Structure formats: structure tokens, C-alpha cells
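*Asks:* Per numbering that gives the first Met the number 0, the sequence shown starts with residue 0, numbered consecutively.
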Amino acid sequence: MAPRRLPRPPQPPDVRQFRIVAEIETTITKLKRRIVDIERLRTENIRHDDDRVDNVEHAVRDAIREEFGKDSAEFQRHA
């Protein structure tokens, strides 16, 4: 009988470390743009099945992944 393999421990998350204030400000600016996109959908009463909603969802998800990392808690929460 072959020995059982133990499961690999999970990899530590690849979380972005902000090193300077300008990086934080750039991230805030990008996220505020996505918020404006969401608010525009609301004010224009765009239906949930409209392609524009899907586009904004992808833009928000991509922005979070780019700014915080694909393994970050922020991305996991909003993926």
C-alpha cells in the first residue's frame, strides 16, 4: 500500500504592499472612477440584464485585482 500524501499547505496570499502615499492615492482614484460608473448605472436606471452592468462589474473586479492582488482578501471578497 502506497503512503498517503499530505495535502500541501496553502500558499500565502500575494497581497500588494503600498510603499508610498502616491500609490495609495492612485488606487483611491481608480476605485472612485469605478464608483462613478456604478452610480451612473443607478441614476440612468440601467436594468441588471444590460451589458453595461456586466462591463462595470468586470471593471470593478479588474481594478480590485490589479490594485490589491489576485489572492488578496479584497479580491476574494468581491470576485
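Cβ coordinates follow ideal geometry from the N, Cα and C atoms, glycine included.
Computed from a prediction, not measured in an experiment: that's the story for all the values here.
(1) Can you check which of these residues, Gln75, Glu43, Asp61, is closest to Thr26 by C-alpha distance?
(2) Among the residues of its own chain, which have a CB less than 8 Å from the CB of Ile37, if the five just before and after it don't count?
(3) Between which two residues does the alpha helix (DSSP H) harbouring Gln10 extend?
(4) Which of the three DSSP states is assigned to Arg39 in this structure?
(5) On a CA-only basis, which of Leu30, Asp48, Val52 is nearest Leu40? Give me that one, please.
(6) Which value, in whole angstroms, describes the spacing of the CA atoms of Ile19 and Arg4?
*Replies:* In terms of the structure at hand:
(1) Asp61
(2) Val55, Val59
(3) Run containing Gln10: none; DSSP gives neither H nor E here.
(4) helix
(5) Val52
(6) 43 Å
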